[in-house]
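Here our numbering runs 10 ahead of the position in the sequence shown, where the first position is 1.
Below you'll find the structure, written out as structure tokens, and then a few comments.
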Amino acid sequence: KGQMRFEPNVNVAIVHADGEARTPIAEIKNLNSFRSVRSAIAYEVDRQVAAWKADPGYTLSAHGKMNFGWDDARGMTEFQRGKEEAHDYRYFPDPDLVPVTLDDAAIDRIRGELGELPLQRQARLKSSLGLSDSDAATLTADRASSELLEAAIAAGGDSRTLAKQFISFWSAQANARSTTIAGLGVSAARLAELATLTANGTISATAAAQIAERMLDSDDAPAAIAAAAGLLQVRDESATLAWIDQAFAANAQAVADARGNPKKRQAAAGFLRGQVMKLSGGKADPRLVGELIERKLGE
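Encoded structure:
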């Protein structure tokens, strides 16, 4: 709509043999594009450095703050006027606002009471859990929910699995109820147990999402919910081999491709894994299925 306006304030700290000099502040008025902002700032930095080199008295203390316009056609700033000081606006102290002085001890005490700030927690989780910027931002968007994640990790839940589950189905459940993950009311211990069951292969990631939804309406332990719903993964090798035998018998061409065609092996093996999972009703352990299929294909 042409309503975007920027007014960057630019000055330069120049370190020299005798110390440091700061150039006057240039407020560049009414820029209306990112390109003009970038160009104006770059030009003004160079102009101020050149002005100081020509006259070391060209400093903030001597000249204060000034207004400049930007000539886009010529690619340069133009001086407009000196910036008004407080007395030019006829400002005066508010008699109802008493002066407030904070000593270093008070500042340090307040800083200590703040705790870990969102960006600090975001950086820590990104580093410790190997998260992307967007995932780390999602996990720290709500303080109570990020603290719940930390509590679930402290309760013994697999940290990476917990992070994935918070980002995926727990966030979805919270959004569906117009609340936060902490607002769902699931304890850290139950969150940790669900993550542990997923990480150790007792349940699949798909089953975990189904169990999570049921946890919102039940106080039962995740393992009990999984057992009652028939969502525990079957990790018995003999039962898994029986499903694999059925899948191989019903899909001879896929077996032939996996054994005799290197170009089709990966796709064919993946197809066979899918058939085994289908035959098991999703209960087979995918990792065990993959291992046993590879073993059988090599026979």
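Beta carbons are placed, not taken as given, at the ideal position from N, Cα and C, and that holds for glycine.
Given that a residue counts as buried once 16 or more other Cβ atoms are within 10 Å of its Cβ, and exposed if not, what is Phe102? To locate residue 102, count along the sequence shown from 1; it is residue 92. Exposed, since its Cβ has fewer than 16 Cβ neighbours within 10 Å.
Do Glu203 and Gly167 have their CB atoms nearer than 9 Å? Sequence index remark: in the sequence shown, residue 203 carries index 193 (1-based). Sequence index remark: in the sequence shown, residue 167 carries index 157 (1-based). Cβ distance < 9 Å, so Glu203 and Gly167 count as in contact.
Taking contact to mean at least 3 C-beta pairs separated by less than 8 Å, is the segment 196-213 in contact with the segment 157-174? With contact defined as three or more Cβ pairs closer than 8 Å, the segment 196-213 and the segment 157-174 are in contact.
Within 10 Å of its beta-carbon, does Lys293 have 16 or more other beta-carbons around it, so buried, or fewer, so exposed? By 1-based counting over the sequence shown, the position of residue 293 is 283. Lys293 comes out buried.
At 4 residues or longer, and completely inside the segment 109-167: list those alpha helix (DSSP H) runs for me, N to C. Whole alpha helix (DSSP H) segments, 4+ residues: 114-124, 128-139, 143-149 and 153-164.
Closer than 8 Å by C-beta to Gly85: which residues in its own chain qualify, once you throw out the five before and the five after it? Chain order, please. The residue labelled residue 85 in the question sits at position 75 within the sequence shown. Ser49 and Tyr53.
Is it true that the segment 24-39 meets the segment 72-87, where meeting means three or more beta-carbon pairs spaced less than 8 Å apart? As far as the Cβ criterion goes, the segment 24-39 touches the segment 72-87, which means the pair count is three or higher.
Ignoring anything shorter than 3 residues or poking outside the segment 42-102, list the beta strand (DSSP E) runs there in chain order. Listed in chain order, the beta strand (DSSP E) elements of length 3 or more contained wholly in the segment 42-102 are 75-81 and 86-92.
Going by DSSP, what residue range makes up the alpha helix (DSSP H) through Arg305? Counting from one through the sequence shown, the residue named residue 305 turns up at place 295. For Arg305, the enclosing alpha helix (DSSP H) starts and ends at Pro296 to Leu307.
Along the chain, where does the beta strand (DSSP E) containing Ile221 start, and where does it finish? Position 211 of the sequence shown, counted from the first residue, corresponds to residue 221. The continuous stretches of beta strand (DSSP E) do not include Ile221, which lies in the alpha helix (DSSP H) extending over residues Ala215 to Met225.
DSSP puts Val25 in a beta bridge; with which residues? Counted from its first residue, the sequence shown places residue 25 at position 15. As computed with DSSP, Val25 is found in a beta bridge with Glu30.
Could you tell me the boundaries of the beta strand (DSSP E) in which Ala36 lies? Your numbering for residue 36 matches position 26 in the sequence shown. Looking at the DSSP string, the run of the beta strand (DSSP E) that includes Ala36 is Ile35 to Ile38.
Given Val22, which residues of its chain have a CB within under 8 Å of its CB, disregarding the five upstream and five downstream residues? Here residue 22 refers to the residue found at position 12 when the sequence shown is read from its first residue. If we look at Val22 and ignore the five residues flanking it on each side, its Cβ neighbours are Arg32, Thr33, Val55, Gln58, Val59 and Trp62.
Could you check whether Glu247 and Gln183 sit closer than 9 Å to each other, using their CB atoms as the reference points? Mapped onto the sequence shown, residue 183 falls at position 173. Mapped onto the sequence shown, residue 247 falls at position 237. Here Gln183 is not near Glu247, since their CB atoms are 9 Å or more apart.
For Asn19, which residues does DSSP report across the bridge? What you label residue 19 is simply residue 9 of the sequence shown in a count that begins at 1. Asn19 is bridged to Glu37.
Is the beta carbon of Glu157 within less than 8 Å of some heavy atom of the ligand SAH? Judged by which ligands are present, the structure shown has none, so any question about the ligand SAH falls away.
In this structure, does DSSP put Val265 in helix, strand or coil? Position 255 of the sequence shown holds residue 265. Three-state result, Val265: helix.
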